[in-house]
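Going from the sequence shown to my numbering is simple: count from 1 and add 9. Using N, Cα and C, we set each Cβ at its ideal position, and we do this for glycine too. Let me begin by presenting the structure, written as structure tokens, before commenting on it.
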Amino acid sequence: LQSCGGQVIPPVGYFQQVAQHVREAGGVFIADEVQVGFGRVGSHFWAFQLQGEDFVPDIVTMGKPIGNGHPMSCVVTTKEVAEAFMSSGMEYFNTFGGNPVSCAIGLAVLDVIEKEDLQGKALRVGQYLTSLLEKQKEKHLLIGDIRGRGLFVGVELVRDRLKLTPATAEAQEVIYRLKEQYILLSADGPHRNVLKFKPPMCFTTEDADLVVEKIDIILTGISFLLSLRLVLAFICSGGRQEMGERYRGSHAGKLATGWDSSLRHNAACVCVRRLHH
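Right, here's the structure in full:
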């Protein structure tokens, strides 16, 4: 998986073809498992295994999670790459390489992952989180797509589900509002409009409930404001027919169709007050 590509899940066999082209050009295929490895995807210990058991990268990098906060990383290669490196005559030296304290910490982390079944929990809690987010997608038109594996999930925010117009500003607003409530989330993807869920492996279903509840409240507020702006524009236009059609066919207009009469009345009152001011 691409760690910073918007949580896009490539089809099975994709990286086999990529690796083939890379190797034919004289390169090596490197799998970066820093963000997605160590059981985070749930179904597999390493994310590259999602491509099938026949796929073997030339080099695998793994860091951060293996130390659980302790500065530690490691690199694993195929026998062929290791032998080519050794036979080159180049000497590699690292003052902190093979530090026994770091190695002990790494082993302890691996023990905890196994004994506490963190990989299994990532699968179960990840599925639960995704199911909660899917329900939010039915409620909020801003959510264009939900994708990922285990506890590595992306929620793509769009202003139009057909055109997939990135809702970058809205994504940043969600992140800012969550931060105010001591929940840290980040944005990902080329347009920074994909909410990136990559919580600690000890993340629980209760944590998922809390986060999704907060996101629901925030998205409801954003949708309300978007609709309010168009209601105001509609009133300012004098209620012209063409403006009404634009409103009803717009993203915010569709959002407002589910409002009850009291909510629509309150929105209209707010707009009228703004007009008078």
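Looking only at C-alpha atoms, which of Gly107, Met95, Leu160 and Asp67 sits nearest to Gly129?
Of Gly107, Met95, Leu160 and Asp67, the residue nearest in Cα terms is Leu160.
Are there 16 or more other CB atoms within 10 angstroms of the CB of Asp41, so buried, or fewer, so exposed?
By the 10 Å Cβ count, Asp41 comes out buried.
State the beta-bridge partners of Val164 as determined by DSSP.
Ile155 and Leu204.
Would you call the CB atoms of Leu166 and Ala180 closer than 8 Å?
It is a contact, given that the beta carbons lie within the stated cut-off.
What would DSSP say about Met95, mapped onto helix, strand or coil?
Three-state result, Met95: helix.
Between Val85 and Gly51, what straight-line distance do the alpha-carbon atoms span, to the nearest angstrom?
Their backbone Cα atoms lie some 21 Å apart in a straight line.
Which term fits Met81, buried or exposed, when burial requires 16 or more other beta carbons within 10 angstroms of its beta carbon?
Under this definition Met81 is a buried residue.
Spatial neighbours of Phe212 within its chain, please: C-beta separation below 7 Å, excluding the five flanking residues on both sides.
Excluding sequence neighbours, Phe212 sits near Val134 and Leu160.
What does DSSP give as the partner residue(s) for Ala288 in the beta ladder?
Coverage of the chain is limited to positions 10 through 286, which leaves residue 288 absent and any answer about it impossible.
Could you check if Met71 is buried or exposed, using at least 16 other CB atoms within 10 Å of its CB as the buried criterion?
Burial call: buried.
Say whether the region 82-102 touches the region 49-63, bearing in mind that this needs 3 or more beta-carbon pairs closer than 8 Å, one atom from each stretch.
Contact between the region 82-102 and the region 49-63 is absent, because fewer than three Cβ pairs lie under 8 Å.
Once you ignore the five residues that flank Gly198 on each side, which residues in its own chain have a CB closer than 6 Å to its CB?
These residues qualify, in order along the chain: Gly15.
If you draw a straight line from the C-alpha of Lys73 to the C-alpha of His30, how long is it?
The straight-line gap from Cα to Cα measures roughly 30 Å.
Give the C-beta separation of Ile231 and Leu151 to the nearest angstrom, bearing in mind that I take them to be a contact with Cβ-Cβ under 8 Å.
Right, the Cβ-Cβ distance comes to about 7 Å (below 8 Å), so this counts as a contact.
Give the DSSP-derived three-state secondary structure of Thr87 in the structure shown.
Reduced to three states, the DSSP call for Thr87 is coil.
Below 6 Å CB to CB, which residues in the same chain sit around Leu127 once its five sequence neighbours on both sides are set aside?
So the list reads Gly48 and Met210, once near-sequence residues are dropped.
Say whether chain B places a C-beta atom closer than 8 Å to the C-beta of Val167.
As a matter of chain content, chain B is missing from the structure shown, which is built from one protein chain.
Give the DSSP bridge partners of Glu70, in chain order.
Looking at the sequence provided, one finds Thr at residue 70 rather than Glu. Per DSSP, Asp41 and Val84.
Between the Cα of Phe233 and the Cα atoms of Leu204, Glu189 and Lys148, which residue gives the shortest distance?
Checking every option, the nearest Cα to that of Phe233 belongs to Lys148.
In terms of residue numbering, what span does the alpha helix (DSSP H) encompassing Gly129 cover?
Taken as a continuous stretch (DSSP letters only), the alpha helix (DSSP H) holding Gly129 covers Leu127 to Lys148.
Would you call the region 220-231 and the region 140-147 in contact, with 3 or more CB pairs under 8 Å?
At 8 Å Cβ cutoff, the stretches touch.
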